[in-house]
Structure formats: C-alpha cells, structure tokens
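Undergrad: Supplied in structure tokens, the structure appears directly below.
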Amino acid sequence: MTTFHLFDQKQVSLKDLTRESADFLWYQLLKDVLLAMPETVDSKIEMIDRFRIYYSSKNPTFLTKVDEFEQTYQSCDAICWYTKDSIVYRLVNQALRTEDIEALLAVRYYISDLCTCLKKECEKLKVQGLDVLTVYRGQFLPTEDIDKLQQSVGQLISANGFLSTTRSLIVAEIYAGPGNVIFEYVIDTHLNQNIIFADISEHSEMPHEEEVLFDLGTIFPE
C-alpha cells in the first residue's frame, strides 16, 4: 500500500482533484477531526476495549500487555509506548496504514496524546537552537510509487501516519536493504515552522538508532 499522499497545488477546484490529491485532503481533514474530539474517560475505555477485541483474535498472549497498558498508561508516556514493539504501536500503525476509520476513532485517545507529546518535544528542540535538521528514512517502495514521486516535483507530500526517520544514514541504509529507497529530509526550522517532529532516542529502547519521529500527516514540499 502507498505510504504517502501527494497534493498538486495547481489543482484549485474540487472537481479537478486527482484521486491522490483528494486522498491527501481527506487525510488532513481526518487528522483535524481526530484531534478535535475531546479526550474522555469513555474514549480511553473504548480504546482499551478495541485492544482487547483485536488481540483476543490475533494473539491472546498479548492480553496481559493490554492489562499493563490499562493500569500504567499516562498521556505523558505516549512516545515511550510508541517506541516499543507494543500493542499500541501495532494497532495504531495498522489503522493508519489501512485508513480504517472505525479503528482510528477507537484509538483517537492515544493518537491525540502522541501528537501533543511530539509538539512539546519539538518546542524544546527549537528553544535549544536547532536551525536545520537532516534525517533519513530507508524503505521498500514499489516501482510505480517511485515513478509517481519522480513525476511530482513541486507538489506537497505527506505520509499516511507518523513518519519514523533517523539522524543516521547508516541506520537508514540498514532498514532500506539492498536496492531499496533512502529518503533524505532537510528541515529548516525557521522556514518550516508548522512541521512538528521530535528526537525520541532518549525515550527509545534502541537509542543508537537516533530516531526522529514526525507528527501525524506531516506535510513536506517535494
């Protein structure tokens, strides 16, 4: 499945939108809706119930981890839970990749927490004087997606999820594997003040990977 959306800014009317541009706008709207919904006790219970239903059929041994999450999770721990190969990471990313509206609504409580934590961490980096950030991402892309990117210079691009990158080119090359694609992102924090990201290596179980995580649906000029 495509892991990004493209938007051609020259398409000014809805009737002129390509499918890809329409998907881009839909995804940005979905993010706004999810974050605008209030975090309540009921929404947290709904999320836990979703975890139980999902893992009872997929992997019942994970139900003890659901119990742990229910008993220990706090909003300020959202990044830590994301960096683990955890019940949260698996379900949230599957829902984002497949654009499963029902599942996304069920886990909106956590998504909102993670977005909030990333924003706070980003503000800390800017206060520390970070001017330019260069990060990399290695991944497999089908030939049709590579062709699409090559034909879309000057358009906007966004990932359909939280975008995981690394400060280390070597780490990106390891994840890419032979013959795959390495993306390089150069972010001028003064010119791109709306781009939210966080160096989450200190929260990670693998700090040597120097992971930098971008907010849900972050928009990049290509």
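The sequence shown finishes on residue 760 if you use this note's numbering, and the numbering steps up by one all the way, no holes. Yeah, the Cβ is synthetic: ideal placement off N, Cα and C, and Gly gets one too. In this text the structure is predicted, and so the values were computed from the model without any measurement.
1) Considering only residues of the same chain and omitting the five flanking positions on each side of P759, which have a CB-CB separation below 7 Å?
2) Using 8 Å for Cβ pairs, my map puts L754 next to I649. What's the rounded Cβ distance?
3) So what's L652 in DSSP terms, helix, strand or just coil?
4) Which residues in the same chain have their Cβ closer than 8 Å to the Cβ of K622, if we skip the five residues on either side of it in sequence?
5) How would you write the range of the beta strand (DSSP E) that Y674 sits in, first residue to last?
6) Please list the terminal residues of the continuous alpha helix (DSSP H) segment that includes F758.
7) Reducing DSSP to helix, strand and coil, say where T775 ends up.
8) Quick one: grab the DSSP three-state call for Y611.
9) Can you find at least 3 beta carbon pairs, one from the segment 671-686 and one from the segment 712-728, that sit closer than 8 Å?
10) If you reduce the DSSP assignment to three classes, tell me which class Q549 lands in.
TA: For this structure:
1) For the purposes of this step, residue 759 is taken as the residue at position 221 of the sequence shown. So the qualifying residues of the chain are L694.
2) Residue numbering aside, residue 754 sits at position 216 when the sequence shown is read from its first letter. Residue numbering aside, residue 649 sits at position 111 when the sequence shown is read from its first letter. The Cβ separation is near 7 Å, so the contact holds.
3) For this step, residue 652 is matched to residue 114 along the sequence shown. In this structure, L652 counts as helix in the three-state DSSP scheme.
4) As a first step, residue 622 must be located in the sequence shown, where it is residue number 84. Closer than 8 Å at the Cβ level, and outside the excluded window around K622, lie E743.
5) For the purposes of this step, residue 674 is taken as the residue at position 136 of the sequence shown. Residues V670 to Q677.
6) The sequence position of residue 758 within the sequence shown is 220, counting from 1. Counting along the chain, F758 falls outside any alpha helix (DSSP H), though it belongs to the beta strand (DSSP E) covering I757 to P759.
7) Absent from the structure is residue 775, since the part of the chain shown begins at 539 and ends at 760.
8) Residue 611 sits at position 73 when you count from the first residue of the sequence shown. Here Y611 sits in coil by DSSP.
9) yes
10) Numbered from 1 along the sequence shown, position 11 holds the residue referred to as residue 549. Residue placement at Q549 is flagged as unreliable, the pLDDT there being 40, under the threshold of 50; the coordinate-derived value follows with that caveat. Coil at Q549, not helix or strand.
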